[in-house]
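Engineer: Numbers -18 to -1, 1 to 425, taken from mature numbering (1 follows the signal peptide of the UniProt record, and there is no 0), label the letters of the sequence shown in order.
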Amino acid sequence: MMLTMIAMILGQIYFSMPVAIIGNNFQLTNENFQMDKKKKARYLDASLSPFDCQKLHNHAKRLCDIQYHLLKAWSVVHNHICHISRTNTRSTQSMTMEMLENETDHQIKVKEGISRLLEAHAEAVMLLDVFIPHRRKSLHMDLDTHGQGVLSNMYAKAKRAINKAKVKSGHRSAVVDPRLASQTLRGRIWLLLEVPDSSRLASIVNQTMVGFALVSIMIFFTESLQELAESGVETNGCRSVVKNYCSTTGFSAMDPACFMRFDNGTTAFTQRIHFSCSSITESPSCYGNGLNFGSLNASALPCQDAFLESGADFVCYRQQCRASLNMIFDMGPYWIYFEWLFGMVFSIELALRFYISQNRKEFWKNVYVFFDVVAIVPFFVEVVELLFARIQPDYAIVATAPSFLSVIRVLKIMRILKLTRHFRGTKVLASTAIMVWKPLVIP
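1) Let me make sure I understand the geometry here. Which of Cys64, Ala102, Ala104 has the alpha-carbon closest to that of Val92?
2) What does the Cβ neighbour count give for Ser151, buried or exposed, with the cut at 16 atoms within 10 Å?
3) Per DSSP, what kind of secondary structure is Met200 in: helix, strand or coil?
4) Report, in whole angstroms, the separation of the C-beta atoms of Gln302 and Ser234, which I expect to be a contact under 8 angstroms.
5) With a threshold of 6 angstroms on Cβ separation, who are the neighbours of Leu393 within its own chain once the five nearest residues in sequence on each side are excluded?
6) Looking only at C-alpha atoms, which of Glu13, Thr190, Arg98, Phe202 sits nearest to Asp376?
7) Short check: CB of Leu175 to CB of Arg335, under 8 angstroms?
8) Answer with buried or exposed for residue 429, where buried requires no fewer than 16 other C-beta atoms within 10 angstroms of its C-beta.
9) Can you give me the Cβ contacts of Ser181 inside the same chain, cut-off strictly under 6 angstroms, excluding the 5 residues immediately before and after it?
10) Sort out for me which residues DSSP pairs Thr249 with in a bridge.
11) Excluding sequence positions up to five away, which residues of its chain have a Cβ less than 7 angstroms from the Cβ of Cys259?
12) Comparing C-alpha positions only, which one of Ile338, Trp346, Gly325, Ile330 sits nearest to Phe362?
13) According to DSSP, is His404 helix, strand or coil?
14) Determine whether the beta carbon atoms of Cys220 and Ile255 lie at a separation below 8 angstroms.
15) Looking at the ligand COA, does it come within less than 7 angstroms of Phe362, judged from the CB to the closest heavy atom?
16) Helix, strand or coil for Cys259, going by three-state DSSP, please let me know.
17) Please give me, in chain order, every unbroken run of the alpha helix (DSSP H) with length at least 4 that falls completely inside the stretch 296 to 354.
18) Please report the straight-line C-alpha distance between Phe405 and Val192, rounded to a whole angstrom.
19) Under 6 angstroms Cβ to Cβ from Ile338, same chain only, skipping five residues before and after it: list those, please.
20) When the Cα of Ser222 is compared with those of Ala102, Gly276, Phe251, which residue comes out closest?
21) Between Asp124 and the rest of its own chain, which residues show a CB-CB distance below 6 angstroms, the 5 nearest in sequence each way excluded?
22) If you measure between the beta carbons of Lys400 and Ala195, is that distance less than 8 angstroms?
23) Less than 6 angstroms between C-beta atoms, sequence neighbours within five positions excluded: which residues of the same chain meet that for Tyr350?
24) If you drop the 5 nearest sequence neighbours on each side, which residues of the same chain put their C-beta closer than 7 angstroms to that of Val149?
25) Express the C-alpha separation of Glu205 and Trp317 in angstroms, rounding to a whole number.
26) DSSP three-state label for Arg44, please.
27) For the candidate residues Phe328, Leu369, Val366, whose alpha-carbon lies nearest to that of Arg396?
28) Have a look at the DSSP bridge pairing and note the partners of Cys64.
29) Apart from the five residues on each side of it in sequence, which residues of its chain come closer than 6 angstroms, Cβ to Cβ, to Met313?
30) So if DSSP puts Arg254 in a beta bridge, which residue, or which two residues, is it bridged to?
31) Quick one: Cα of Pro425 to Cα of Phe353, how far?
32) Taking Cβ positions, are Gly247 and Ala239 nearer each other than 8 angstroms?
33) Terminal residues of the continuous alpha helix (DSSP H) containing Ala288?
34) Around the C-beta of Met242, are 16 or more other C-beta atoms found within 10 angstroms, so that it is buried, or is it exposed?
35) Would you decide whether Thr190 is buried or exposed? Buried here means 16 or more other CB atoms lie within 10 Å of its CB.
36) Which residues mark the beginning and the end of the alpha helix (DSSP H) in which residue 457 is found?
Right, here's the structure in full:
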């Protein structure tokens, strides 16, 4: 049932690839058009001379009027002072009473003009005080200092509301501004993981994660190749198969292959074979020692003769117990290094995505995060079983015995869904599926 479901999923993905290609090409064409449009707009803007536009203060008009009165009063004062200076250059003996009266009149007008000049200047100074920039504390510093104030509470509530609206909007630029993101470590990590076009390093990281996902899937299927796995009755894989059979059926059915066999060909049904020996020479009752099953001794019975009919059907036809004639290299001891490498890389990626998330609660509701979690579940199950249950991971596609781990390992095939995060066409398909799934389920 599980294999059928997986085959159906892969089939749907295969048949949906043309639609994904069309959607990807459409999105790329639209982005190129928008980029060309922005370049033309920037070129036109650069040809214009920029200027700053500011709103005039209410006192600006009054200051212009005062400036006019200042210049007018100064003009009057200047004219009378010039007239007095010309009069003083004449001889004081030739001055008549009329000329003295005129000079006195000019001096009075100069005094009045200076008074008007000083009054206008005083009013201008008072109005100009509004336009003088005063040194004040930053808003953030003020809020940090008076964190319990009314203004800080209003600011905090407004900030939470804005962040909530940004997260609900789902728009990338609304969550983080790429222009400011590079100023912090968290922002730089966000650019590397979420914006592959932001830099060459981000593009390399994106391509590397795609490569890890593809290689992990390839290795998962490569583990089933007989050319890369040692097989035969002497291998650990076959020993696990025999151990499972003897524990469940063989010991109770008194199957001779589950008990120690002497050199004279007789079987000691009171001495069970030990499967946990570190070496076959550790004890005469160890698996593969002497004439016990699993031994390569020429006098040892073949698999079909050593077991009863039920045991032969269960053990002898298993892939782990049949000798491989075309094995190229035994990769059994080395699969664990590849699997743990992929598991740690995918775990670090998920941890970093959680670190850069704007909303930690909404983070786990993302479908791409679900794919990431499913991809690393088998890795953590293997780690727990190895560290606590001392169960060596078995990376063969055909498990030696049904177990929880053998079922969980099937989830590794879901790593192919991690690719949906890194391809733009799949995002178009996902958004299309979200919009049309309701009409499709109508009978």
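Each residue gets a CB set at the ideal place from its N, CA and C atoms; glycine is no exception.
Quick caveat: nothing in here was measured; it's all calculated off a predicted structure.
Structural biologist: Here's the rundown:
1) Cys64
2) Bear in mind that a pLDDT of 45 at Ser151, under 50, signals an unreliable position, so the model cannot answer this.
3) helix
4) About 23 angstroms separates the two Cβ atoms, so there is no contact after all.
5) Val356, Val359, Pro360
6) Phe202
7) yes
8) The structure shown does not extend to residue 429, since the chain is modelled only from -18 to 425, so the question has no answer here.
9) Spatial neighbours of Ser181 in its own chain (CB-CB distance under 6 angstroms, excluding positions within 5 residues in sequence) are not present.
10) Bridge partners of Thr249: Arg243.
11) So the qualifying residues of the chain are Ser265, Cys268, Tyr269.
12) For the set Ile338, Trp346, Gly325, Ile330, the Cα lying nearest the Cα of Phe362 is the one of Gly325.
13) coil
14) no
15) Looking for the ligand COA in the displayed structure turns up nothing, as the structure carries no ligands at all.
16) coil
17) 317 to 337, 342 to 345
18) When the Cα atoms are used, Phe405 and Val192 turn out to be separated by approximately 9 angstroms.
19) Its chain contains Arg168, Ile171, Trp172 as the residues whose beta carbon lies nearer than 6 angstroms to that of Ile338, once the 5 sequence neighbours on both sides are disregarded; these appear in chain order.
20) Gly276
21) Because the pLDDT at Asp124 is just 49, under 50, the model does not fix this residue reliably, and the value given afterwards should be weighed accordingly. Answer for Asp124: no residue qualifies.
22) yes
23) Arg403
24) Residue confidence is low: Val149 scores 44 on pLDDT, short of 50, so the model does not pin down where it sits. No coordinate-derived value is stated.
25) 8 angstroms
26) helix
27) Residue 396 is actually Met in this sequence, not Arg. It is Phe328 whose Cα lies nearest to the Cα of Met396.
28) Cys64 is not bridged to any residue.
29) Leu210
30) Phe241
31) Here the model assigns Pro425 a pLDDT of 49, short of 50, so the residue's position is not dependable, and the following value carries that caveat. Those two C-alpha atoms are separated by around 29 angstroms.
32) no
33) 285 to 288
34) buried
35) exposed
36) Outside the displayed range of the chain (-18 to 425) lies residue 457, so it cannot be described from this structure.
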